[in-house]
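Peer 1:
2 protein chains.
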Amino acid sequence: MAQNNLRIIIIGGGAGGISAASTAKGVAPEASVILFTEYEDVAYSPCGIPFVHGREIPSFENLFLQTSEHYAEIGIDLRLQTTVTGINLGNRTVSVGSQVFEWDRLIIATGFEYENPNIPGVDLEGIRYVKNIRRAMEFDKVLDQVKKVVVAGATPIGIEMAGNLAHRGLETHLVDEEAWLMSKVADPDIMEPVQKSLEELGAKIHFGTKVLEFKGADGKVKSVSTSAGDIDCDVVVVATNKKPNNRLSREAGLKIGATGGIMVDDHMRTSVKDVYAAGDCVEVVHGVTDLPIQGLSGSHAYSQGRVAGANAAGVDRAYDPVYIPWGMVGGKVQIGGVSMGETLHKALGIPHFVAVAQGISRARYYPGVSRIRVKLIADPKTLRVMGAQMSGGEGIKERADFLAFAIKRGATLDDFAWMENVYSPPIGALMEPIALAAQAGLAELKKTGHMPPKFAGA
Amino acid sequence: MAQNNLRIIIIGGGAGGISAASTAKGVAPEASVILFTEYEDVAYSPCGIPFVHGREIPSFENLFLQTSEHYAEIGIDLRLQTTVTGINLGNRTVSVGSQVFEWDRLIIATGFEYENPNIPGVDLEGIRYVKNIRRAMEFDKVLDQVKKVVVAGATPIGIEMAGNLAHRGLETHLVDEEAWLMSKVADPDIMEPVQKSLEELGAKIHFGTKVLEFKGADGKVKSVSTSAGDIDCDVVVVATNKKPNNRLSREAGLKIGATGGIMVDDHMRTSVKDVYAAGDCVEVVHGVTDLPIQGLSGSHAYSQGRVAGANAAGVDRAYDPVYIPWGMVGGKVQIGGVSMGETLHKALGIPHFVAVAQGISRARYYPGVSRIRVKLIADPKTLRVMGAQMSGGEGIKERADFLAFAIKRGATLDDFAWMENVYSPPIGALMEPIALAAQAGLAELKKTGHMPPKFAGA
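Encoded structure:
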């Protein structure tokens, strides 16, 4: 099935591009695979950057996962610091300045960029974004010289940066227009322990506060002007939302979706034959709502890259709609979930019932035990679980993976209420917190007379 | 549906009996619920006992979860230190010596007992079993006075005791006839890191060694005679296999199954109308093999008690076949799984394919990262996963819960290979170890030409 002697070109060296290149080469070893990236490096973990700044991880060197030589060895022609300047869909070429490269298959993995805050002062020295590892290395040296930092935006990266910079001992201000952390995706009760933890680390959180201007002197940022007054600072971390980086694709004429991501089908094929796309630059189908969604995780980019690379090289591999397990550490607290929480279901007007409970991660007498709050958002008629959010404890990532898998396959509150679970004092409680949440939900439905007939006997 | 004024009698105050009593009372608040137990206490965690001996947990007091008064408050008539001496199925009564109690519904939750080693010397002073908390409190004082312990049997409880007693600083010998730890249920490669960890804690492990006799002087044990010579000791912990404690049920004429457990249907109903049973005294259906199985976890006993209690009180609640997620800590190493491992599939002659990989629990550069070995045992024709075993890392309990849920619902290697997973450096790696194992399995099937046609495109 795999075609050989193919010329495959990949634009982008992040998780999507790298996995596409490796997979394509694996499927079609005789194919020529060229990967262009404007950056100096590939195959490092950008997600680790905040933790090096926070000195949880000793060095940026730790973040490199593979050497460039490794890719040469497996036959991938890596072109570092090489910016693709144009895509020609008719001629089936890409341009790098005046150089032209022909392709039989093109895979676009141009990733994300931060939303421009579009306020005065964005070009001042000291306004930083967390993305490229070389810039992070430079920024880390800057951080040695400064005392006060403003993080603009209580997004996931904003929260990771605020926690880590506070942990490093800097005076850290986290500024956000909304009333709680990660308000676009997470529920307030889930984020409350994160807020407390950030404050315990010393971060100052400014809710309901709009960033209006970055003010400077001698070209350097000196303060952030907000709707609640000025905050002095030496540097600013801009942590706005991520949006697809698709100028090239747009100029080339590929179809762009409502979210701003490149439109792809279930094989990661774009609107043009033999052109694939993967990662943060695309939009994919959200399994629960059937709506397009963009801006997922490195793990999603990696999987999409595998699918795009395999299909480009001649295999028939589908990419399923996504249910989006997510998880992170905010301050010292684990949070995570699947698909959407209560807030988003409410905002979108989706009928929903929330089953919630607090459980524990180990036997309650065992050292290291911690609380876990679990919320399951279910369809009130079928009791199918549509989403989940959790905070606290340990094992949030594993629970999110589990819930995503189960939700994708139509699991109901009843299924979770009667799930089997491990019980062993050092690693698990008698009752799994997910089961407790489901049981509490069923009990409430029964008490309030809202139990769907199908489950009336439960 | 629930019937009131019922007289419900429960025999046994462990997880099964206590959950049956609480659930029955919840469903039928007007019912009279009497619970008999021969012991001094209910609602403590026997599973915590080894960890108090090991001084991981400061005191036996920590293991008590509820007071007896709590049960009186919710209307359960608790009869402590009261041994039921007979069950009369015709008269619908139980006897406590000369006293007779009538029931409309009877729930039997008489738990397990250790298999009798049936060798000379079992009645010597210093021969101990881990079961009752009062005996454990006494034993803990004895442990303050001794130096050398033999643990007879590398069963789960034997391994927990050996690790904890070594951790306490005692000269600890773990003796087992077989060639690796937990050989009846676990695979040797899974148990190898546990063995290393126990040895690092100072435990001496004697494999291939049969215990022949407990030898004593003045009625006290002084050594254990084995097929490989004598081992001096001050006390012996007998950690034989657990078997159903069902003398009463057998004498009463209830049907007993091939495993020695009381036979129950999918509503925890015994062979006699209005008589239910739950917990370690019963056998239930194993979801993968459809064969009866006994001797599961406290969590299973608790769930079975809920079902028995609910049905006894008038609700219609089924108990599904079990897939048996399990997990524990051996030495310092987490192990766990679902259903059966490679060894048992082989022993039972079930066609199977093993997909195996080693993954990591966090980003590989993040402090606290550890390795996780995952083995998925799949049907070679359908690629449906039938069982799993894991060791290492963190999150084994959560993964076992997940795998049990997914296996019950027919998940294949392909489903796991393409599962979505959380990626966040402090809590999860780019690729989930379960997915890596499935991917490695598929790659091997492809390479060796054994991929079933349905998955040929993968």
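Respectively, the protein sequence lines represent chains X and G.
Residues in the first sequence are numbered consecutively from 1, following my numbering.
Residues in the second sequence are numbered consecutively from 459, following my numbering.
Even glycine gets a Cβ: it sits at the ideal position worked out from N, Cα and C.
Could you give the DSSP three-state label for Phe518 (chain G): helix, strand or coil?
Peer 2: Note: Phe518 (chain G) maps to helix in three-state DSSP.
Peer 1: Quick check: is any heavy atom of the ligand COA less than 8 Å from the C-beta of Glu115 (chain X)?
Peer 2: Only the bare structure without any ligand can be found here, which leaves the ligand COA out of the picture.
Peer 1: Any idea if Ser59 (chain X) is buried or exposed, counting beta-carbon neighbours within 10 angstroms, 16 or more meaning buried?
Peer 2: Exposed, since its Cβ has fewer than 16 Cβ neighbours within 10 Å.
Peer 1: Can you name, in chain order, every residue of its own chain whose Cβ lies under 6 Å from the Cβ of Pro508 (chain G), other than the five neighbours on each side?
Peer 2: These residues qualify, in order along the chain: Glu618, Met619, Asn622.
Peer 1: Among residues of its own chain, excluding the 5 on either side of Gly54 (chain X), which ones have a beta-carbon nearer than 6 Å to its beta-carbon?
Peer 2: Contacts found: Asn164, His167, Arg168.
Peer 1: Looking at the strands, I want to know which residues DSSP matches up with Asn311 (chain X).
Peer 2: DSSP output for Asn311 (chain X) lists no bridge partner at all.
Peer 1: Closer than 6 Å by C-beta to Asn471 (chain X): which residues in its own chain qualify, once you throw out the five before and the five after it? Chain order, please.
Peer 2: Limits of chain X in this structure are 1 at one end and 458 at the other, which puts residue 471 (chain X) out of reach.
Peer 1: Helix, strand or coil for Asp873 (chain G) per DSSP?
Peer 2: In this structure, Asp873 (chain G) counts as helix in the three-state DSSP scheme.
Peer 1: Which residues of chain X have a Cβ atom closer than 7 Å to the Cβ of Gly794 (chain G), listed in chain order?
Peer 2: Within 7 Å Cβ-Cβ: Val422.
Peer 1: Span of the alpha helix (DSSP H) holding Ser22 (chain X)?
Peer 2: 15 to 27 is the span of the alpha helix (DSSP H), which, as asked, contains Ser22 (chain X).
Peer 1: Count the other C-beta atoms from every protein chain shown that fall within 10 angstroms of the C-beta of Ala318 (chain X), then say buried if there are 16 or more, exposed otherwise.
Peer 2: Exposed, by the Cβ-count rule.
Peer 1: Do Ile830 (chain G) and Gln847 (chain G) come within 9 Å of each other at the CB atom, strictly closer than that value?
Peer 2: No, these two residues do not count as a Cβ contact at 9 Å.
Peer 1: Any C-beta of chain X sitting closer than 9 Å to the C-beta of Lys642 (chain G)?
Peer 2: By this cut-off, Lys642 (chain G) is not an interface position.
Peer 1: To the nearest angstrom, how far is the alpha carbon of Glu636 (chain G) from that of Val600 (chain G)?
Peer 2: Computed Cα separation, rounded: 29 Å.
Peer 1: Taking the CB atoms as reference points, tell me whether Ala152 (chain X) and Val235 (chain X) lie closer together than 9 Å.
Peer 2: Taking 9 Å as the Cβ cut-off, Ala152 (chain X) and Val235 (chain X) do not qualify as a contacting pair.
Peer 1: Along the stretch 742 to 765 of chain G, where does the CB come closer than 8 Å to a CB of chain X? Name the residues.
Peer 2: If the cut-off is 8 Å between Cβ atoms, the stretch 742 to 765 of chain G has Ser755, Gly756, Ser757, His758, Tyr760, Ser761 near chain X.
Peer 1: So Phe214 (chain X) is in the beta strand (DSSP E); what residue range does that whole segment cover?
Peer 2: Counting along the chain, the beta strand (DSSP E) containing Phe214 (chain X) begins and ends at 211 to 217.
Peer 1: Taking Cβ-Cβ distances shorter than 7 Å, what residues in chain A pair up with Arg373 (chain X)?
Peer 2: The structure shown contains no chain A; its protein chains are X and G.
Peer 1: Assuming Met419 (chain X) contacts Ala435 (chain X) under a Cβ cut-off of 8 Å, what Cβ separation, rounded to an integer in Å, is found between them?
Peer 2: Yes, they are in contact, since the Cβ atoms of Met419 (chain X) and Ala435 (chain X) sit about 5 Å apart, within 8 Å.
Peer 1: Quick one: does Val329 (chain X) have its CB under 9 Å from some CB of chain G?
Peer 2: Output row for Val329 (chain X): interface = yes.
Peer 1: Measuring alpha carbon to alpha carbon, tell me which of X:Glu251, X:Gly229, X:Ala308 ends up nearest Leu469 (chain X).
Peer 2: With chain X covering 1 to 458 only, the question about residue 469 (chain X) has no answer from this structure.
Peer 1: Output, in sequence order along the chain, the residues in the stretch 222 to 237 of chain X whose CB is closer than 9 Å to any CB in chain G.
Peer 2: From the stretch 222 to 237 of chain X, no residue has a Cβ closer than 9 Å to chain G.
Peer 1: Go ahead and pull the three-state DSSP assignment for Ile324 (chain X).
Peer 2: DSSP places Ile324 (chain X) in coil when its eight states are reduced to three.
Peer 1: Just the C-alpha distance for Ser45 (chain X) and Phe64 (chain X), rounded to the nearest angstrom, thanks.
Peer 2: Those two C-alpha atoms are separated by around 6 Å.
Peer 1: Give a yes or no on whether the minimum CB-CB distance between Cys47 (chain X) and chain G is below 9 Å.
Peer 2: Chain G contact via Cβ: present.
Peer 1: Where does Gly158 (chain X) sit, in a helix, a strand or coil, going by DSSP?
Peer 2: Looking at Gly158 (chain X) - three-state DSSP - the assignment turns out to be helix.
Peer 1: On the DSSP letters alone, give me the boundaries of the alpha helix (DSSP H) that Asp290 (chain X) sits inside.
Peer 2: Neither: Asp290 (chain X) is in no alpha helix (DSSP H) and is coded neither H nor E.
Peer 1: Measuring CB atoms only, is the stretch 78 to 95 of chain X touching the stretch 249 to 257 of chain X, in the sense that at least three cross pairs come out at less than 8 Å?
Peer 2: Enough Cβ pairs lie closer than 8 Å, so yes.
Peer 1: When you compare the CB of Val264 (chain X) with every CB in chain G, is at least one pair closer than 9 Å?
Peer 2: Not closer than 9 Å to any Cβ of chain G, the Cβ of Val264 (chain X) fails to qualify, so no.
Peer 1: List, in chain order, every chain G residue whose beta-carbon is nearer than 7 Å to that of Arg409 (chain X).
Peer 2: In chain order: Arg867.
Peer 1: Specify the secondary structure class of Tyr529 (chain G) as computed by DSSP and reduced to three states.
Peer 2: Of the three classes helix, strand and coil, the one that applies to Tyr529 (chain G) here is helix, per DSSP.
Peer 1: Between Thr226 (chain X) and Met191 (chain X), what straight-line distance do the alpha-carbon atoms span, to the nearest angstrom?
Peer 2: Approximately 23 Å, taken between the alpha carbons.
Peer 1: How would you call Ala258 (chain X), buried or exposed, if buried means at least 16 neighbouring beta carbons within 10 angstroms?
Peer 2: That one is exposed.
Peer 1: Should Pro487 (chain G) go down as buried or exposed, given a rule of 16 or more other Cβ atoms within 10 Å for buried?
Peer 2: Exposed, because fewer than 16 other Cβ atoms sit within 10 Å of the Cβ of Pro487 (chain G).
Peer 1: Does the distance from the C-beta atom of Leu78 (chain X) to that of Tyr39 (chain X) stay below 9 Å?
Peer 2: Result no, Cβ atoms of Leu78 (chain X) and Tyr39 (chain X) do not sit closer than 9 Å.
Peer 1: Of all Cβ atoms in chain X, is any one closer than 9 Å to the Cβ of Asp859 (chain G)?
Peer 2: It does: the Cβ of Asp859 (chain G) has a partner Cβ on chain X nearer than 9 Å.
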